[in-house]
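Chains as they are written, first to last, in the numbering used here: chain A, -4 to 110; chain B, 1477 to 1593.
We treat Cβ as the ideally placed atom computed from N, Cα and C, and that holds for glycine.
Heads up, the thing below is written out as structure tokens.
Below is the structure:
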């Protein structure tokens, strides 16, 4: 069973389009995140949610809108896609002060290419 | 704000040899967690090892071990008996648990490890 799963894994789309990436975790964690990895492999947090509540919004353009319908799901919707949005987007989850040693677990990533 | 620095963009090692990847960080906090993640060409982020700052003992996981120097804010990863499958990008990361608002991983820029047969 995949602990953190995200779909789609690959996405090629044209500038100006709107697209969504979905994420689900079956670990029972209360916190979920979106990270972006750019073309230089640099990883940076975009958002975090705890029990469906937005906690961290790291100066991300408001074309990016996360939504958490429940604590096991965190989706990312991107409006009016730009070339600079091309990146790998990682969903992740964790449980604070857990037996897993506060590890953050990552999904496999969603490769977004904007043409 | 916390920062994580990996000063070695690339490293290489011969199969079966030992290699050490460096990581330093800057923080004013006393309680935090440090991680090493491996990212193979598939781009999946795989946890290699974690260290709780309150623990003096260095973490080990099979062939992987860390040298955690809290006062020096250093957290290096040692890979023993290197295998071809160890070739990947390695990221050092810091996690603060001070509050939910600071609960995130801060990554270094990564070290690409090549393993030669």
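7 Å Cβ cutoff met for residue i and residue j
i: residue 105 of chain A; j: residue 20 of chain A; result: no
i: residue 108 of chain A; j: residue 89 of chain A; result: no
i: residue 1497 of chain B; j: residue 1551 of chain B; result: no
i: residue 103 of chain A; j: residue 1515 of chain B; result: no
i: residue 116 of chain A; j: residue 59 of chain A; result: Because chain A spans -4 through 110 in this model, residue 116 of chain A falls outside it and cannot be assessed.
i: residue 1484 of chain B; j: residue 1587 of chain B; result: yes
i: residue 1492 of chain B; j: residue 1557 of chain B; result: yes
i: residue 29 of chain A; j: residue 42 of chain A; result: yes
i: residue 1523 of chain B; j: residue 98 of chain A; result: yes
i: residue 1480 of chain B; j: residue 1570 of chain B; result: yes
i: residue 1544 of chain B; j: residue 1527 of chain B; result: yes
i: residue 1576 of chain B; j: residue 50 of chain A; result: yes
i: residue 1482 of chain B; j: residue 1499 of chain B; result: yes
Cβ-based neighbour list, residue i, same chain, cut-off 6 Å, excluding 5 preceding and 5 following
i: residue 5 of chain A; result: 106
i: residue 63 of chain A; result: 44, 47, 69
i: residue 27 of chain A; result: 44, 69, 88
Close-in-space but distant-in-sequence residues of the same chain around residue i (CB under 7 Å, 5 per side omitted)
i: residue 1562 of chain B; result: 1555, 1589, 1591
i: residue 124 of chain A; result: The requested residue 124 of chain A is not part of the displayed model; chain A covers only -4 to 110.
i: residue 1507 of chain B; result: 1529, 1530, 1573
i: residue 1546 of chain B; result: 1529
i: residue 24 of chain A; result: 88, 89, 90
Identity of the residues DSSP links to residue i by a beta bridge
i: residue 167 of chain A; result: Not covered by the structure: residue 167 of chain A. The range shown for chain A is -4 to 110.
i: residue 1487 of chain B; result: B:1589
i: residue 105 of chain A; result: A:84
i: residue 16 of chain A; result: A:71
Cβ-based neighbour list, residue i, same chain, cut-off 8 Å, excluding 5 preceding and 5 following
i: residue 14 of chain A; result: 6, 8, 72, 73, 76, 107
i: residue 55 of chain A; result: 41, 42
i: residue 101 of chain A; result: -1, 30, 85, 86, 87
i: residue 1525 of chain B; result: 1511, 1512, 1535, 1536, 1537, 1540, 1541, 1542, 1553
i: residue 1494 of chain B; result: 1554, 1555, 1556, 1557, 1558
_Residues in the region 1571 to 1587 of chain B having any Cβ partner in chain C nearer than 7 Å_ = The displayed structure is made up of protein chains A and B, and chain C is not among them.
*Taking a cut of 9 Å between CB atoms, which residues from the region 24 to 40 of chain A lie near chain B?*
26, 28, 30, 32, 35, 36, 37, 38, 39, 40
_Short of 7 Å Cβ to Cβ, which residues in the region 73 to 105 of chain A face chain B?_
For the region 73 to 105 of chain A, the beta-carbon criterion of a distance under 7 Å to any beta-carbon of chain B is satisfied by 83, 85, 91, 96, 97, 98, 99, 101, 103, 104.
_Restricting to runs no shorter than 3 residues, where is the beta strand (DSSP E) found entirely within the region 1511 to 1591 of chain B?_
1522 to 1528, 1540 to 1545, 1550 to 1555, 1564 to 1572, 1581 to 1583
*Jot down the residue ranges of each uninterrupted alpha helix (DSSP H) in the region 26 to 51 of chain A, minimum 4 residues, whole runs only, in chain order.*
none
*Residues in the region 1523 to 1554 of chain B with C-beta within 8 Å of chain A's C-beta atoms, listed in sequence order?*
Those residues of the region 1523 to 1554 of chain B that come within reach of chain A (Cβ to Cβ, closer than 8 Å) are 1523, 1526, 1528.
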